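Sequential numbering of the sequence shown, starting at 129, is according to our numbering. We put the beta carbon where it would ideally sit given N, CA and C, even for glycine. Since we're looking at a predicted model, the values are computed, not measured.
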Amino acid sequence: MRVTTEAVIGAVTGSLAAPRTLLLGRYDRAGRLRYVGRSTTLSGAVGRAVAGHLAPPRGAHPWTGWTFSAGWGTQRTLEAVLVRPDVVMEVDVDVARDSAGRWRHPARPHRIRADVDVQEVPLFGEGGAL
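See below:
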C-alpha cells in the first residue's frame, strides 16, 4: 500500500545545484531530525526545481558525522551533501518500514510544499506513513 505524505529534505546525493536523490527526515517528539528514507532518482526537471530551494546548512546540522547506506546488504555509503533542513517535500511512499522505523522502499517525490512548514510535517513514528 502506498500513501502520500510529507518529509523534510535533510541531505542530497549529487550536489546542491544538481541533486540526484533526496535524503529525507522527520522530527521526533524530542526535536531531533530522524532519517526516514531516500527518494528515487530525480528526473532532470525535478532536480532543477528542487535545487532552487536548497541551501547549505547554517551552523551545525543534525546529521553532521552520519553515514548513509547505499542500499540493503551493502557496506557502501552514500556521498551525501547536507542541506538546510527547512524544505518540505511531498512524497509517495510504501507503508512498509524497517526495524528502525524508516521507509523500506525509496520515496517517490511529487513536489516541494512551500506552503507547509517543517513543524507541520508528521512527527517520526506518528501520522502519515510513519
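DSSP three-state label for E248, please. Here residue 248 corresponds to residue number 120 of the sequence shown, with the count starting at 1. If DSSP states are grouped into helix, strand and coil, E248 belongs with the helices.
Can we say the segment 167-181 touches the segment 189-201, given the rule of at least three CB pairs closer than 8 Å? no
What separation, rounded to the nearest whole angstrom, lies between the Cα atoms of H189 and R130? Along the sequence shown, read from residue 1 onward, the residue named residue 189 stands at position 61. Along the sequence shown, read from residue 1 onward, the residue named residue 130 stands at position 2. C-alpha separation (whole angstroms): 30 Å.
Beta-carbon contacts of A198 that lie in its chain and below 7 Å, excluding the five residues immediately before and after: For the purposes of this step, residue 198 is taken as the residue at position 70 of the sequence shown. Taken in chain order, the residues that qualify are R204, T205, L206.
Return the CA-CA distance between P234 and R162, expressed in angstroms with no decimal places. The residue you call residue 234 lines up with position 106 of the sequence shown. The residue you call residue 162 lines up with position 34 of the sequence shown. When rounded, the distance between both Cα atoms is 16 Å.
7 Å CB neighbourhood of L251 in its chain, flanking five on each side removed: By 1-based counting over the sequence shown, the position of residue 251 is 123. Taken in chain order, the residues that qualify are R154, Y155, D156, R157.
Mind checking who M263 pairs with in its DSSP beta bridge? Nothing about residue 263 can be read from this structure; the chain reaches only from 129 to 258.
Anyone know if the C-beta pair for V219 and L144 falls short of 8 Å? Position 91 of the sequence shown holds residue 219. Position 16 of the sequence shown holds residue 144. No, Cβ-Cβ distance for V219 and L144 is not below 8 Å.
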